[in-house]
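Peer 1: The structure's right below; bear with me while I get my questions together.
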Amino acid sequence: MNKYAGIGATIFFTGLLAALSGGYALWTVFQEPWAAVLFALVWGLMIFNLDRYIVSSMKKRDKFGQELWMALPRVVLAVLIAVVISKPLELRVFDKEIQAELVIMEQQKFRTQEEKVQERYQARSLEIKNRIQALQAEIDRQAARRDTLMLIAQQEADGTGGSRIRNLGPIYKAKKADADSAGAALAALQQRHRALSRELAQVDSTVTAGITQLKRGSIDGFASRLDALGTLTKNSAPIRWANWFIMLLFVAIETAPVFVKLISPRGPYDDLLEQHEYSFIMHKKERKAMLTMETDERIAKKTAESEARLKRTVYT
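Here it is in structure tokens:
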């Protein structure tokens, strides 16, 4: 009795842990206490009943190898149940570390969205900047040319250069016209430069507005927590080992009834169960044999009656 009481207690507490785990998992998703309590009860009872069926369906045989082979699918199912049960509780154990990782994940997500907005206008912005840079170089050359032409015209006017005659005659007017033409060309270039600068400012304003419209959504779902836990276990050896040991603990708890049933010796209950099954099988065979005999008797009786009627018909 102690053996079966221990197995039953293990199954009960496994169902209890499953209820706590399932309730916490649903709470993290919907934040509804009544829904979490209801789901916890249903989930715990389902796991309890499934474990009960796994253990109760195992029968003691005379050969351990045969028992182990028959129990292998049940062990695999028990391991799967243990992994499912352990995950929500692992999330609760590492809650503080997961919250910190979720903040980092949220920042990375926002940074990725920001980079996508910038990449959307990057080609246009780079094109405008290249045009502004090339135009600025042309403006510098044109400004230097204008200054040179203005200096030449000034020297022609005051007699320090050119014809060395101080006057505002035709030569000065021609040189002054060249300087004015260079100044007009420079003004046109500067106007184009200002237009491109305004266009670049508009693109930058559009990028800024797009980034401003981005929403820093809170990452706090069940899947996000699992993702954060996976990142933590990947980057931190202590958390990885602790995570494995928690899961292995639940695997041990979940598979304990199965292995206890495997390694325990045959008891009176196993003998009674085998006797009951054998009696049922023999009763089934006996019933089948009796039905076969009754059927044969009916067939023989009908055959004899048919032969008798045939003989009477022939003689008459």
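Residue numbering for the sequence shown is 105 to 420, as defined by this note's numbering.
Just so it is clear, CB atoms sit at the ideal spot from N, CA and C, and this is done for glycine as well.
Rounded to a whole number of angstroms, what is the C-alpha to C-alpha distance between Ile243 and Val311?
Peer 2: Between Ile243 and Val311, the C-alpha separation is close to 28 Å.
Peer 1: In this structure, how does DSSP classify Ile158 when only helix, strand and coil are distinguished?
Peer 2: Ile158: helix per DSSP, three-state reduction.
Peer 1: Specify the secondary structure class of Gln135 as computed by DSSP and reduced to three states.
Peer 2: Gln135: coil per DSSP, three-state reduction.
Peer 1: Quick one: grab the DSSP three-state call for Gly325.
Peer 2: The answer is coil: DSSP assigns Gly325 none of H, G, I, E or B.
Peer 1: Beta carbon of Phe152, beta carbon of Ile115: below 8 Å?
Peer 2: Yes, the Cβ-Cβ distance between Phe152 and Ile115 is below 8 Å.
Peer 1: Mind listing, in chain order, the continuous alpha helix (DSSP H) runs of no fewer than 4 residues lying wholly within the segment 294 to 362?
Peer 2: Fully enclosed alpha helix (DSSP H) runs of 4 or longer: 326 to 339.
Peer 1: Taking the alpha-carbon positions, what's the Lys388 to Phe134 distance?
Peer 2: Taking the straight line joining both Cα atoms gives about 53 Å.
Peer 1: Within 10 angstroms of its Cβ, does Thr407 collect 16 or more other Cβ (buried), or is it exposed?
Peer 2: By the neighbour-count rule (16 or more Cβ atoms within 10 Å), Thr407 is not buried but exposed.
Peer 1: Anyone know if the C-beta pair for Ala286 and Leu253 falls short of 8 Å?
Peer 2: In contact: Ala286 and Leu253 (Cβ atoms closer than 8 Å).
Peer 1: Apart from the five residues on each side of it in sequence, which residues of its chain come closer than 6 Å, Cβ to Cβ, to Leu124?
Peer 2: Hits under 6 Å: none found.
Peer 1: In or out: Lys279 buried (at least 16 other Cβ within 10 Å) or exposed?
Peer 2: It counts as buried.
Peer 1: Which one of Leu149, Phe198, Thr396 has the shortest CA to CA distance from Trp348?
Peer 2: Minimum Cα distance to Trp348 is reached at Phe198.
Peer 1: Give the single residue among Gly169, Ala122, Glu303, Val221 whose Cα lies nearest to the Cα of Leu149.
Peer 2: Checking every option, the nearest Cα to that of Leu149 belongs to Ala122.
Peer 1: Does the distance from the CB of Ala129 to the CB of Phe326 come in under 8 Å?
Peer 2: Their beta carbons are under 8 Å apart, which means Ala129 touches Phe326 by this criterion.
Peer 1: State buried or exposed for Phe117, treating a residue as buried only when at least 16 other CB atoms are found within 10 Å of its CB.
Peer 2: It counts as exposed.
Peer 1: What distance in whole Å lies between the Cβ atoms of Ala186 and Glu358, which are believed to be in contact at a cut-off of 8 Å?
Peer 2: Confirmed, Cβ separation roughly 4 Å.
Peer 1: Go ahead and label Trp147 buried or exposed: buried means 16 or more other beta carbons lie within 10 angstroms of its beta carbon, across all protein chains shown.
Peer 2: Flag for Trp147 reads buried.
Peer 1: Shortest alpha-carbon distance to Lys200 belongs to which of Ala332, Glu401, Gln217?
Peer 2: It is Ala332.
Peer 1: Counting C-beta neighbours from all protein chains within 10 Å, is the total for Arg250 16 or more, i.e. buried, or is it exposed?
Peer 2: Under this definition Arg250 is a buried residue.
Peer 1: Going by DSSP in three states, Phe198 sits in which element: helix, strand or coil?
Peer 2: DSSP places Phe198 in coil when its eight states are reduced to three.
Peer 1: Nearest CA to the CA of Lys365: which residue from Gln203, Lys338, Glu398, Arg178?
Peer 2: Taking only the C-alpha atoms, the option nearest Lys365 is Arg178.
Peer 1: Report yes if the C-beta distance between Arg235 and Leu293 is below 8 Å; otherwise report no.
Peer 2: It is not a contact, given that the beta carbons lie outside the stated cut-off.
Peer 1: Only counting the same chain, and skipping five residues up and downstream in sequence, which positions put a Cβ closer than 7 Å to that of Ile111?
Peer 2: Counting only Cβ-Cβ distances below 7 Å, and skipping sequence neighbours, we find Val159, Pro361, Val364, Lys365.
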